[in-house]
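Trainee:
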Amino acid sequence: MNGSTFYVMIVFIAALVLWRRTRSMYRPIRGNGIRLLVPLLFLLPGLSLIFNSNVHEPAWTFGAAFGLGILFSIPLIWTTNYEVREDNLIYAKKNWGFFAAFIGIVLLRFALRQELSDIDPQGKTALFLLVAFGYIIPWRAVSFIKFRRVVNQSYSSQNTTF
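First residue of the sequence shown: 0, per numbering that gives the first Met the number 0; consecutive thereafter.
1. Going by CA-CA distance only, name the one from 35, 41 and 144 that's closest to residue 128.
2. Applying the 10 Å Cβ sphere with the 16-neighbour rule, what's the burial state of residue 33?
3. Helix, strand or coil, according to DSSP, for residue 114 in the structure here?
4. Output the boundary residues of the alpha helix (DSSP H) element that contains residue 49.
5. Which whole-angstrom value is the C-beta distance of residue 17 and residue 143, which I expect to be below 8 angstroms?
6. Closer than 8 angstroms by C-beta to residue 123: which residues in its own chain qualify, once you throw out the five before and the five after it? Chain order, please.
7. Just how far apart, CA to CA, sit residue 119 and residue 133?
8. Under a three-way DSSP split, which group does residue 54 fall into?
9. Is the beta carbon of residue 75 closer than 8 angstroms to that of residue 97?
10. Using beta-carbon positions only, say whether residue 64 and residue 130 come within less than 8 angstroms of one another.
11. Can you give the Cα-Cα distance for residue 39 and residue 93, rounded to whole angstroms?
12. Hey, out of 91, 13 and 106, whose CA is closest to residue 79's CA?
13. Distance, Cα to Cα, residue 71 vs residue 9?
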């Protein structure tokens, strides 16, 4: 895959994430919140790229990549919240800070990709997948927990009204 195709693909994925996030601000989240965890399943094929026998990066780089991803998850976690609206359904709270944080993360990843040009392509792919795992897994897990808290609070407030 050449460089321009890669960047087009990343921009497309980022636009898809932002579109879905915008849509979730205006559509209720139905069910028990398991759908918030479904994107984690899309990460599973990436494990084969991380555990590729042709990747020869030192172990500390994998830890650093995952740690960087965890740092990237913090603004996403802070800006993802849920609320019960007038129709008693749960929606993602409108927070435009999420978009700024997400675009910032994408731009930082592009900058890091340029900076790490001396690493072989397979090693770079494995490291950047670990960065993605590092922010997607905590963000989605905490989002699920936040959603479940709102569900439980909504349920308890409905039961305590006289």
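Backbone N, C-alpha and C define an ideal beta-carbon position, used for all residues, glycine too.
Bear in mind the structure is a predicted one, so any value in this text is a computation, not a measurement.
Mentor: Per the coordinate set shown:
1. 41
2. exposed
3. helix
4. 45–49
5. Wrong, their Cβ atoms sit about 20 angstroms apart, outside the cutoff.
6. 112 and 115
7. 21 angstroms
8. coil
9. yes
10. yes
11. 23 angstroms
12. 91
13. 17 angstroms
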